[in-house]
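If you're matching them up, the sequences are chains U and C in order.
Note that the first sequence covers residues 389 to 782 in the working numbering.
Note that the second sequence covers residues 1051 to 1309 in the working numbering.
All residues carry an ideal CB built from backbone N, CA and C; glycine is no exception.
This structure is a prediction, so every number in the text was calculated from the model and none was measured.
Have a look at the structure below before the remarks.
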Amino acid sequence: MSKGRYGVHGGQYIPETLMNEVIKLEEAYGNYKNDPDFNKELNTLLKEYAGRPSLLYYAEKMTKDLGGAKIYFKREDLNHTGSHKINNVLGQALLAKKMGKTRIIAETGAGQHGVATATAAALLGLECEIFMGKEDTIRQALNVYRMELLGAKVHAVESGTKTLKDAVNECMREWTKRVDDTLYVLGSVMGPHPFPMIVRDFQSVISREAREQILEMEGKLPDVVMACVGGGSNAMGMFYEFIKDESVQLIGCEAAGLGVDTDKTAATIATGTKGVFHGMKSYFCQNEYGQIAPVYSISAGLDYPGIGPEHAYLHDIKRAQYVPVTDEEAVNAFEYIAKTEGIIAAIESSHAVAHLMKIAPKMDKDKIIICCLSGRGDKDVAAIARYRGVNLYE
Amino acid sequence: MSKINEAFQNKKAFIGFLTAGDPTLEKTEEFIIEMEKAGAALIQIGIPFSDPIAEGPVIQDANVRALSVPGGCTTDMVFDMVKRVSKKVSVPLVFFTYLNPVYKYGYEKFCARCNETGISGLIIPDMPFEERVELTPTAEKYNVELISLIAPTSEDRVQMIAKEAKGYIYVVPSMDITGASGEKTTDIEKVVENIKKVTDTPVAIGFGANDFEQAAKYSRLADGIIVASAIVKIIAEHGNNAGKYVYEYVKSMARGMEN
């Protein structure tokens, strides 16, 4: 009966009003995912518009400096619109069009998913509305203007904690009001089935490429594959094709904010418990009565109180490991990779880089790490400056 | 016959809703008593939730108010209030709650406390037909009826849901989430008609507009109407003094249904 399960996690915990719509989406996706024309069209977009395949880059200087494992970065930051979000958005927007929808809506935290959605909407001729927490519209003001330049209407969400979680709430409400012509283009591997599956499939291009690339470059599989985790879409994309390779250790890096022993954190696996929210059963930061906790991270993209159900499952069966990384560690990593490799990585991705800096020196030189750089950090420069006490505003 | 079924016997049921703890749990108790006095046949009590995704702004705000009172408004405190008030009223009391507070409390413990304190039914807007199986056996064990929701977008799902429905069927009036207007009556008529083909379970239609004519029209169509945001609005406006306004409103609405 209940669909889209990952162990006990997942499912479809949504209002009845949306049930037929997610069933239709599942059917449409089932029809198109193996359709040669759909795939040809999508692959052309990914290649000629988004710039895929993305590079697998050997970070020689960092490798030498850290003195341990060989470090490779999967450069999703080099995609059009500057993050991995475009992989999923092109897939879903194309699907929306095939389903006869004329309008797409999406939530956004850091603005990367919103920008990607607005971009795909502009390209494919769809109407686009983006829901973004009021707090995040302030933290990421440039991305708001960027989305507007692309023709999207941006709604600043004033309810609740005014961040990503509230943007998702508002998007669900909006979709409930208007399902006929609208598809909710969910930005992460979360929400009700079939979203975690669809987003994972569209993002799995990351690991499909990376696996081929590393075999080509090194002639063997990596020892560690790692990525940052909010909802978990870049991590799921980075992990997916490696799940079956049991020798490959999978590590997701959560945003610990000021630390997992404080209430200013967004580390769901480290501090959360099982719950049901945003359409799925998974782990959530919540109190003893099931009220969803206000979470915090310097990174708007990881500032989410839940995690995708497949990650929850990978955690339960111990196939993947999830570790918390603080604001301070992420900012240090942000600066380190900029100075060492000349790459300004997103503050989200910098959480993964920070953990990489902890583990690489302890590993032998013949070991290989692939770390996903999910996005570029131009959007974060002003916030990092302020973190360091430089009074810089966009 | 269950206590809920009795509420629909030989009359059109006026069903009122309020959010527990808005503005305080003591006041919630008072407003429930006022609603019964004014002729409400059943009362839905919302357990406040941090993220009420199926609610419009009016009830969202009520949730925020309830959760932000000093000391908060926990599930245990709501149960304690229900235990007190259920001794003072005879109409069935039904919880409207998102699934997470129930899940986190534990299905067994939650349903047992419903039974013990005097809750006859549960409406869980984010638990559709397909997911109910994990809660149904526990709810049945404690004689708590799981109320089914049906929407105009349910289409071919209507009869599947209606056949299994217990207590009453909550028809969500429009494409719009609770509290908004603009619904098409024709859709509602068709939905109710389809439900009636397969079940005798009473049908109640939810609506948000403060409009006697519409209440009368819906009550002719179905076995009852559910009024949520209009009552919550009165409570928002009058706060601690809302008792008599809630009474007057419910009385006039219940009378409007009789005509």
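CA-to-CA distance, residue j to residue i, given in whole angstroms
| i | j | result |
| --- | --- | --- |
| C:E1195 | C:T1186 | 9 angstroms |
| C:L1092 | C:T1188 | 23 angstroms |
| U:R393 | U:V612 | 26 angstroms |
| C:P1223 | C:A1272 | 12 angstroms |
| C:K1301 | C:G1089 | 6 angstroms |
| U:P403 | U:H397 | 18 angstroms |
| U:M450 | U:K462 | 14 angstroms |
| U:S595 | U:V587 | 13 angstroms |
| C:V1139 | C:G1122 | 25 angstroms |
| U:G696 | C:E1086 | 44 angstroms |
| U:K746 | U:G455 | 11 angstroms |
| U:E629 | C:P1175 | 36 angstroms |
| C:Y1205 | U:N408 | The question names Tyr, but residue 1205 of chain C is Glu in the sequence shown. C:E1205 and U:N408: Cα-Cα distance of roughly 8 angstroms. |
| U:K489 | U:E515 | 9 angstroms |
| U:G439 | C:L1199 | 46 angstroms |
Rounded Cβ spacing between residue i and residue j (contact assumed at less than 8 angstroms)
| i | j | result |
| --- | --- | --- |
| U:P584 | U:V410 | That belief does not hold up - the Cβ atoms of U:P584 and U:V410 are roughly 12 angstroms apart, past 8 angstroms. |
| U:I492 | U:T570 | 7 angstroms |
| C:T1069 | C:V1282 | 6 angstroms |
| U:L602 | U:I758 | Checking the displayed sequence, the identity of residue 602 of chain U turns out to be Ile instead of Leu. Sure, about 6 angstroms apart at Cβ, within 8 angstroms. |
| U:I518 | U:G502 | 4 angstroms |
| U:V573 | U:T505 | 5 angstroms |
| U:G640 | U:A615 | 6 angstroms |
Simplified DSSP state of residue i, which is helix, strand or coil
| i | result |
| --- | --- |
| U:L466 | helix |
| C:L1185 | coil |
| C:F1099 | coil |
| C:M1210 | helix |
| U:Y692 | coil |
| U:T451 | helix |
| C:C1164 | helix |
| U:F590 | helix |
| U:L433 | helix |
| U:H703 | helix |
| U:S738 | helix |
| U:A770 | helix |
| C:V1319 | Beyond the ends of chain C as shown, which are 1051 and 1309, falls residue 1319 of chain C; an answer cannot be given. |
| U:L538 | coil |
| C:A1090 | coil |
| U:Q674 | strand |
| U:Q500 | helix |
| C:V1300 | helix |
| C:E1233 | Low per-residue confidence applies at C:E1233: pLDDT is 45, beneath 50, and the placement is therefore not dependable enough to give any value. |
is_contact[residue i, chain D] using C-beta, thresh 7 angstroms
| i | result |
| --- | --- |
| C:T1124 | Here chain D cannot be found, since the structure's protein chains are U and C. |
Chain C contact for residue i (CB, 7 angstroms cutoff)
| i | result |
| --- | --- |
| U:M585 | no |
| U:T432 | no |
| U:V664 | yes |
| U:T653 | no |
| U:G763 | no |
| U:T570 | no |
| U:T404 | In the sequence as presented, Thr is not what sits at residue 404 of chain U; that position holds Glu. U:E404 counts as touching chain C. |
| U:G678 | yes |
| U:G418 | no |
| U:Y401 | yes |
| U:S390 | yes |
| U:N779 | no |
| U:M560 | yes |
Cβ of residue i within 7 angstroms of any chain U Cβ
| i | result |
| --- | --- |
| C:L1149 | yes |
| C:S1100 | yes |
| C:I1276 | no |
| C:S1204 | yes |
| C:G1229 | In this predicted model, C:G1229 has a pLDDT of only 42, less than 50, meaning its place in the structure is not dependable enough to derive any value. |
With 16 other Cβ atoms within 10 Å as the buried cut-off, status of residue i
| i | result |
| --- | --- |
| C:E1263 | exposed |
| U:A698 | The residue you asked about is not Ala; residue 698 of chain U is Glu in the sequence shown. Counting Cβ neighbours within 10 Å, U:E698 comes out buried, since at least 16 surround it. |
| U:N622 | buried |
| C:I1276 | buried |
| U:L537 | exposed |
| U:G418 | exposed |
| U:D715 | buried |
| U:V778 | exposed |
| U:V532 | buried |
| U:M605 | exposed |
| U:L780 | exposed |
| C:V1183 | exposed |
| U:N476 | buried |
| U:Q674 | buried |
| U:I526 | exposed |
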